[in-house]
Amino acid sequence: MPISLPEAIQTRSLTLRKPDAADAKHIFKAYTQDLDVARYLVWRPHQSIGETEAFILNCMQGWASGQRRPFILTRRENSRIPIGMLEARILPNAIDLGYVLQRSYWGAGLMTEAILALSDAALSLPECSRVQATCDTENHASARVLEKAGFTREGQLERHSVLPNLGPEPRASFMYARSR
């Protein structure tokens with residue numbers, strides 16, 4: 035049976051919800067064009083709002099297919115203005131996470147809060163026994179977020195991921211997971 039995550043999750047500070055087309059303009063302004071935000075990600079900063087609109091359309095299609103749940107992160111008091119994204123890629127018996135957060139919210143514990151809530155929701159489902167994520171071995175902030183969310187570093191994956199903002203060669207990543 036495929037993993038069926040909720041359509042929305044509320045935390046103390048955040049709302050995690052489905053993306054919609056209106057999110058593109060906010061996301062472009064907030065982070066998709068920011069090189070510092072994109073540094074350790076698999077995509078280059080967006081050069082136009084059109085790139086971000088195409089990205090959001092792809093997220094909406096992924097949600098509709100049931101293969102991915104790209105949750106938009108918003109402050110709970112304003113669920114219309116995105117500040118980041120937490121994507122759950124659905125695997126057999128597990129989910130794989132990817133995430134991004136607007137730079138002005140770095141260091142506030144919000145991504146840890148979001149990852150903890152989503153991984154708790156996933157691991158409460160009988161069909162999900164594992165939540166995993168990778169991060170570049172030099173991305174110490176991301177590693178710390180995962181550790182604070184209760185993830186354990188399981189190992190290092192050599193030549194795992196190309197990060198175009200850091201160069202053309204595949205880079206090493208740490209594998210983190212929570213399981214039950």
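Heads up, the sequence shown is in the numbering used here, so the first residue is 35 and it goes up one at a time. Beta carbons are placed, not taken as given, at the ideal position from N, Cα and C, and that holds for glycine.
Endpoints, beta strand (DSSP E) assigned at residue i
i, result
"GLN95", "Segment 83-99 is the alpha helix (DSSP H) holding GLN95; no beta strand (DSSP E) there."
"ALA206", "204-213"
"LEU197", "Note, LEU197: premise wrong, no beta strand (DSSP E); not H, not E."
"THR49", "48-51"
Nearest-angstrom Cα separation, counted from residue j out to residue i
i, j, result
"GLU181", "GLN101", "26 Å"
"ASP57", "ALA128", "28 Å"
"MET119", "ASN92", "13 Å"
"GLY201", "TRP77", "12 Å"
"TYR65", "ARG103", "19 Å"
"ALA183", "ALA155", "13 Å"
"SER158", "ILE37", "11 Å"
"SER99", "PRO116", "22 Å"
"SER207", "GLY84", "30 Å"
"ILE61", "ASN112", "14 Å"
"VAL196", "ARG73", "11 Å"
"ARG178", "MET209", "13 Å"
"ARG212", "ALA55", "32 Å"
"HIS80", "THR186", "32 Å"
"LYS59", "ARG114", "11 Å"
Interface flag, residue i vs chain B, CB-CB below 8 Å
i, result
"GLN166", "The structure shown has no chain B; it contains just one protein chain."
Where the alpha helix (DSSP H) containing residue i begins and where it ends
i, result
"HIS60", "57-61"
"THR108", "Not the alpha helix (DSSP H): THR108 falls in the beta strand (DSSP E), residues 102-109."
"THR146", "144-157"
"LEU69", "69-72"
Which residues DSSP lists as bridging residue i, in chain order
i, result
"ASP130", "ARG123 and GLN166"
"THR186", "ALA211"
"ARG178", "Bridge partners of ARG178: none, in fact."
"GLN33", "This structure cannot settle anything about residue 33, because the visible part of the chain is limited to 35 through 214."
"PRO116", "THR108"
Integer-rounded CB distance, given that residue j should sit under 8 Å from residue i
i, j, result
"ILE106", "PRO53", "5 Å"
"LEU75", "ALA122", "Incorrect: roughly 16 Å between the Cβ atoms, too far for contact."
Q: Assess, as a yes-or-no matter, whether the stretch 142-150 is touched by the stretch 39-50 under the definition of 3 or more beta carbon pairs within less than 8 Å.
A: yes
Q. So, do the stretch 161-178 and the stretch 125-143 have three or more beta carbon pairs nearer to each other than 8 Å?
A. yes
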